[in-house]
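Peer 1:
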Amino acid sequence: METTAFQKIYTKITQITKATCSLQASGIGYEELATVNGRLAQVVKINGDIVTLQIFSGTEGIPTNAEVIFMGHPPSLKVGEELAGRFFNAYGQPIDGGPEVEGEEREIGGPSVNPVRRKQPSELIATGIAGIDLNNTLVTGQKIPFFADPDQPFNQVMAMVALRAKADKIILGGMGLTNDDYLYYKNVFDNAGALDRIISFVNTTENPPVERLLVPDMALTAAEYFAYDKKETVLVLLTDMTLYADALSIVSNRMDQIPSKDSMPGSLYSDLAKIYEKAVQFPEGGSITIIAVTTLSSGDITHAIPDNTGYITEGQLFLRRDSDIGKVIVDPFRSLSRLKQLVIGKQTRKDHPQVMNAAVRLYADASNAKTKLENGFDLTDYDVRTMNFAREYSNDLLAIDVNIDTTMMLDKAWELFGKHFSKAEVGIKQEFVDLYWPR
Amino acid sequence: MEKNKLTTGKVAGIIANLVIVDVDGPVSQNEICFINLSGVRLMAEVIKVLGKKAYTQVFESTRGLKVGESVEFMGHMLEVTLGPGILSRNFDGLQNDLDKMEGTFLRRGEYTAPINVDQEWEFTPLAKTGDVVKAGDWLGEVKENWIGHKIMVPFKFDGKYTVKNVKTGGTYKASEPVAVLTDKDGREVNVSMIQKWPVKVPIKAYADKPRPYRLMETGVRIIDTMNPIVEGGTGFVPGPFGSGKTVLQHALSKQAEADLIIVAACGERANEVVEIFTEFPELDDPRTGRKLMERTTIIANTSNMPVAAREASVYTAMTIGEYYRSMGLKVLLLADSTSRWAQALREMSNRMEELPGPDAFPMDLPAIISSFYARAGYVYLNNGSTGSITFIGTVSPAGGNLKEPVTESTKKAARCFFALSQQRADSKRYPAVDPIDSYSKYLEYPELQEYLSENISPDWLGSVLEAKNLLLRGKEAYEQINILGDDGVPIDYHLRYWKSEVIDFVILQQDAFDKIDASTPIERQKEMLGKVLDVCRTDFDFDSFEEVNPYFKRVINVFKQMNYSLYQSGDFKKYESELDAIINERKAA
Ligand SMILES: Nc1ncnc2c1ncn2[C@@H]1O[C@H](COP(=O)(O)OP(=O)(O)O)[C@@H](O)[C@H]1O
Ligand SMILES: [Mg+2]
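Here it is as structure tokens:
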């Protein structure tokens, strides 16, 4: 980022806050980038000839005579095939010791796809995990987060899903990722021989939090290049979006904006939607699928971050430790894939939707029975059977260590139905019962 | 304002999509202006004026905009273009035709014509020379898809006019004059098939707006049977994410007994609109045999599209609805989600540093919501025909908590409350409409009661109320069982609970993705409610509570198989007699 002849240099800052500085300047475009004593900053407000800059790494130690250089363009990324296999920081600068990427320079956070130019997602993504494939089937072009408490193995599950998903490119957007987790991803991809398909933009816990705000747009600009220009299937992993939202609230708080629920900015919904809606299936074949992580604090999904996320994404995968079997499962109650009905029973066996629903309903009965037991009441024969069913269902199908194909999942479910229930108790359409009820 | 004296201005400040403009002349509130950004014209709306400064909300991204850029004011508010050719189109929130836009990605400043002015239409006159007419009166008609699209005296025309002449039947371009009217001063005015109207002003070209009373069939049992909506009625669907708001709205848009459907996708997912684009052109409208898309118009302002246009989108949709209502049609308007529109208002109000109301929403939110809902309704037109706009909006309450400003304000404005419950959604009891909390105020209207009695049966209302009561008693019994234990209550409690479960599983729950179950005509709803109530009214003999659950599971299972079977088919009848047999097993002597 060296100076060129056209750049304007200023040295008189008139106001400094925790996140921003203001100065007199003219001819500046909104959202333009600048450097303030070498630190990257972006125009967030213009009032007459007073321009306010948000400094990503914070204003600590910035003097009023700092050198401010305007760069004449908003944040951008050079895109090209060379991105593949490379690791970058939040600004899109290499951190792997390799050379700068040569390619076409594109503004990040660009315009959205015209809805009439989208194609309805229709390609099933098989992960082998029954908690996903059976109950919450994923589709290319979908956007879906894991909702998980910070101590759950979401990074492991996400890496596993990414590698099984058969994507042409996997783009990792790491926000507030610990260095250990960052190295974990690198290792897993390396061991799988997938490094040449990976592109990574990472802000670790060692970097200033506000820098994270650039990560999703960087990752998605690269994704659009591969999915739209190169017609590839691209999987984008964003972890952890809660830390991204926290950075948003830091900024809005420092800029004295009126917070709405949970100290989040009133624009949280739109801010998150702009990112997630980049997931798309193009008619020409390319697609962007976004799998994200939203960490919860003690399972609270009514907090503004998971709440707004849930309203935007096409479902969520809720990870929970099942103490009965001592494993992490994909919780069938709170989890949902909104796009599953586009593929289940169509690209999978016809009985899939009914089997899925029946199993979850019986699992719900088991949880009622459990409550009864906890409240000290006697269980009926049916209660006992549902609880036995639930334990096996959880262990053989919901646990994240399951890795089988969908037909086997369905067969397994029928097996459990037959073992624990009568046909009427399962309540599935007769044609399927005739075909699949275990004899 | 005269055309040659339009106000201009210069950009003085930019905070996201709030742009402050120094103006050189008069501007009005809600006036539209165009801001120049290196040759691209960005559309914006005036939302506040302070001295010589106009605060405008830009309907596009302001990235790269600079202070000093020129601004042109247009002298009018945000308007839609009304005329034949609106049906089946996909518009954005500002009525740009999305299909006419170039490229895969939306480009700033690209505005496309909503209506093809050169398209030719087969015109039939309805008025004749000498007729005295006023705004909204029908001058002629063209066939748009299967709808008789009325060419009306433009809504902007004030007072009485005399028809000088109307073109004879024939083919004319939409932009050609088809009638000449004379005003009270003898001045002649041309009327073409196209007119414009500002979206934030209700169209009031009707004689009277009585209370609505005709049932609007939707095929959704929990609505039609339990909480009916009427033609010209209002309703809303609040619910946490994933509880089924959009699936319910899509079901209504496919099945409801309306002449045309306007879907405003307001700040929600693009893929949900794509679903309509993709499926509706293939799906049949059972009433006309034509494709569903022929009666559907989409206003899409998805969550990644410019925020300010979200607010405009619901008004655009409502105005188009009012236009078609004036033709004597039954319009169903659906907006998903009105909370996103309220949030757009909040974002802007925060940027303007206005004093915030509850949850940082603008203070006047309740008034904005109620005047919007008030635009729906059943009307008598000047010529005695009737038309209606039925409006159903979804609400997305933060954290699923209904005690929040948008839900509370909407509750005051809408007459039907279809509350979606997280618990029901979690246990896959779809549609997850809460049977106890939800209501239809129309059920209390004597007008509707009379209509139901005449059109369904005299004891219909009684049956519905009986079912509601059984649900409530079932819930109470269930709570008692949970407190006292299965064997701590009389068997009768179990029976009461399981009878309410029969109503729940057979009437309330409905699989939106099953070809047959998805839509139930009122005739079939009547029969099923009758059958379910017969079971509920039956006295059963059980020796122990342990027998109750498995027995009713069988009852429910057979009922469900009926729901999945074609009405009155062999299968249906087979299950029906199976049901009778099961009931007789346990019927008390
Ligand atoms: N009537 C229904 N029948 C079957 N499944 C349903 C029904 N309603 C909702 N669902 C399920 O719930 C999911 C979420 O529904 P949706 O309408 O998108 O929720 P919301 O709009 O409230 O967020 C759907 O993808 C579908 O799987
Ligand atoms: Mg929805």
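Protein chains in written order, with the numbering used here: chain A, 40 to 478; chain B, -15 to 573.
Think of the CB as a built atom: it goes at the ideal place given N, C-alpha and C, for glycine as much as any other residue.
What residues match up with Arg253 of chain B in a beta bridge as DSSP calls it?
Peer 2: DSSP output for Arg253 of chain B lists no bridge partner at all.
Peer 1: Thinking just about the alpha-carbon of each residue, which of A:Lys225, A:Leu277, A:Gly325, A:Ile364 is nearest to the one in Lys158 of chain A?
Peer 2: With distances taken between Cα atoms, Lys158 of chain A lies closest to A:Gly325.
Peer 1: Measuring from each Cβ to the nearest heavy atom of ligand 2, keep the ones under 5 Å and list them in chain order.
Peer 2: Here the residues come out as B:Lys229, B:Thr230.
Peer 1: Taking Phe109 of chain A as part of the beta strand (DSSP E), name the residues at either end of that continuous run.
Peer 2: Its beta strand (DSSP E) spans residues 107 to 109.
Peer 1: Between Pro184 of chain A and chain B, is any beta-carbon pair separated by less than 8 Å?
Peer 2: Pro184 of chain A does not count as touching chain B.
Peer 1: Quick check: is the beta carbon of Asp343 of chain B nearer than 8 Å to any beta carbon in chain A?
Peer 2: Answer yes: the Cβ-Cβ gap between Asp343 of chain B and chain A drops below 8 Å somewhere.
Peer 1: With 16 other CB atoms within 10 Å as the buried threshold, where does Pro477 of chain A fall?
Peer 2: Looking at its Cβ environment, which holds fewer than 16 other Cβ atoms inside 10 Å, Pro477 of chain A is exposed.
Peer 1: Suppose contacts are defined by Cβ-Cβ distances below 8 Å. Is Val241 of chain A in contact with Leu259 of chain A by that definition?
Peer 2: No. Outside cutoff.
Peer 1: Cβ-heavy atom distance between Gln494 of chain B and ligand 1 below 7 Å?
Peer 2: Within the cutoff, so yes.
Peer 1: Can you find the residues in the same chain that come closer than 7 Å, C-beta to C-beta, to Arg125 of chain A, ignoring five residues on each side of it along the sequence?
Peer 2: So the qualifying residues of the chain are Pro133, Asp135, Gly137, Val140, Ile238.
Peer 1: Please determine whether the Cβ atom of Leu375 of chain A lies at a distance below 7 Å from any heavy atom of ligand 4.
Peer 2: For the structure depicted, ligand 4 is absent and the ligand set comprises only ligand 1 and ligand 2.
Peer 1: Counting only C-beta atoms, is Lys313 of chain A closer than 8 Å to chain B at any point?
Peer 2: Judged by the 8 Å Cβ criterion, Lys313 of chain A is in contact with chain B.
Peer 1: Distance, Cα to Cα, Lys112 of chain B vs Leu26 of chain B?
Peer 2: Using only the alpha carbons, I get a separation of about 44 Å.
Peer 1: Provide the residue(s) that pair with Arg360 of chain A in DSSP beta bridges, ordered along the chain.
Peer 2: A:Val367.
Peer 1: Run down chain A in chain order and give the residues with a C-beta less than 7 Å from the C-beta of Met289 of chain B.
Peer 2: Ordered by position in chain A, the residues that pass the 7 Å Cβ test against Met289 of chain B are Ser151.
Peer 1: DSSP state of Arg91 of chain B, grouped into three classes?
Peer 2: Note: Arg91 of chain B maps to coil in three-state DSSP.
Peer 1: Here's a check: name, in chain order, each residue in its chain whose Cβ is nearer than 8 Å to the Cβ of Asn86 of chain A, leaving out the five neighbours to either side.
Peer 2: For Asn86 of chain A, where only same-chain residues beyond five positions count, there are no Cβ hits under 8 Å.
Peer 1: So what's Ala73 of chain A in DSSP terms, helix, strand or just coil?
Peer 2: Looking at Ala73 of chain A - three-state DSSP - the assignment turns out to be strand.
Peer 1: When you compare the CB of Arg253 of chain B with every CB in chain A, is at least one pair closer than 8 Å?
Peer 2: Taking Cβ atoms only, chain A reaches closer than 8 Å to Arg253 of chain B, which makes this a yes.
Peer 1: Compute the Euclidean distance between the alpha carbons of Asp83 of chain B and Val257 of chain B, then round it to the nearest angstrom.
Peer 2: When rounded, the distance between both Cα atoms is 13 Å.
Peer 1: Mind the definition here: the segment 464 to 474 of chain A touches the segment 16 to 34 of chain B only if three or more C-beta pairs lie below 8 Å; say whether that holds.
Peer 2: No, the segment 464 to 474 of chain A is not in contact with the segment 16 to 34 of chain B.
Peer 1: Nearest to Lys571 of chain B by CA position, among B:Asn541, B:Val117, B:Gln552, B:Tyr535, is which residue?
Peer 2: Of B:Asn541, B:Val117, B:Gln552, B:Tyr535, the residue nearest in Cα terms is B:Tyr535.
Peer 1: Which first and last residues belong to the alpha helix (DSSP H) in which Met210 of chain B is found?
Peer 2: Neither: Met210 of chain B is in no alpha helix (DSSP H) and is coded neither H nor E.
Peer 1: In the structure shown, what three-state DSSP assignment does Met289 of chain B receive?
Peer 2: Of the three classes helix, strand and coil, the one that applies to Met289 of chain B here is coil, per DSSP.
Peer 1: For a test of your reading of the model: does the CB of Gly226 of chain B fall under 7 Å from any non-hydrogen atom of ligand 1? Yes or no.
Peer 2: Yes, since a heavy atom of ligand 1 falls inside the 7 Å radius drawn around the Cβ of Gly226 of chain B.
Peer 1: If you count every other CB in all the chains shown that lies within 10 Å of the CB of Val116 of chain B, and 16 or more means buried, which is it?
Peer 2: Exposed, since its Cβ has fewer than 16 Cβ neighbours within 10 Å.
Peer 1: Under 8 Å: do the segment 475 to 483 of chain B and the segment 542 to 553 of chain B share three or more Cβ pairs, one atom per stretch?
Peer 2: No, they do not touch.
Peer 1: Per DSSP, what are the beta-bridge partners of Met136 of chain B in this structure?
Peer 2: Its beta-bridge partners are B:Trp122.
Peer 1: Roughly how many angstroms lie between the CA atoms of Pro138 of chain B and Leu165 of chain B, to the nearest whole one?
Peer 2: If you take the alpha carbons of Pro138 of chain B and Leu165 of chain B, they lie about 11 Å apart.
Peer 1: In whole angstroms, what is the alpha-carbon distance linking Gly371 of chain B and Ser374 of chain A?
Peer 2: Cα to Cα, Gly371 of chain B sits roughly 43 Å from Ser374 of chain A.
Peer 1: Going by C-alpha to C-alpha distance, which of B:Thr152, B:Tyr145, B:Glu106, B:Leu110 sits closest to Trp130 of chain B?
Peer 2: If we check each option's Cα against that of Trp130 of chain B, B:Glu106 comes out closest.
Peer 1: DSSP three-state label for Glu306 of chain B, please.
Peer 2: In this structure, Glu306 of chain B counts as helix in the three-state DSSP scheme.
Peer 1: Does the beta-carbon of Ser321 of chain B have 16 or more other beta-carbons within 10 angstroms, so that it is buried, or is it exposed?
Peer 2: With 16 or more Cβ atoms within 10 Å of its Cβ, Ser321 of chain B is classed as buried.
Peer 1: Are the CB atoms of Phe57 of chain B and Thr(-9) of chain B within a distance shorter than 8 Å?
Peer 2: Yes.
Peer 1: Any contact of the segment 208 to 227 of chain B with the segment 460 to 467 of chain B, i.e. 3+ C-beta pairs under 8 Å?
Peer 2: The segment 208 to 227 of chain B is not in contact with the segment 460 to 467 of chain B.
Peer 1: Among the residues of its own chain, which have a CB less than 7 Å from the CB of Thr42 of chain A, if the five just before and after it don't count?
Peer 2: Here the model assigns Thr42 of chain A a pLDDT of 47, short of 50, so the residue's position is not dependable, and the following value carries that caveat. So the list reads Ile108, once near-sequence residues are dropped.
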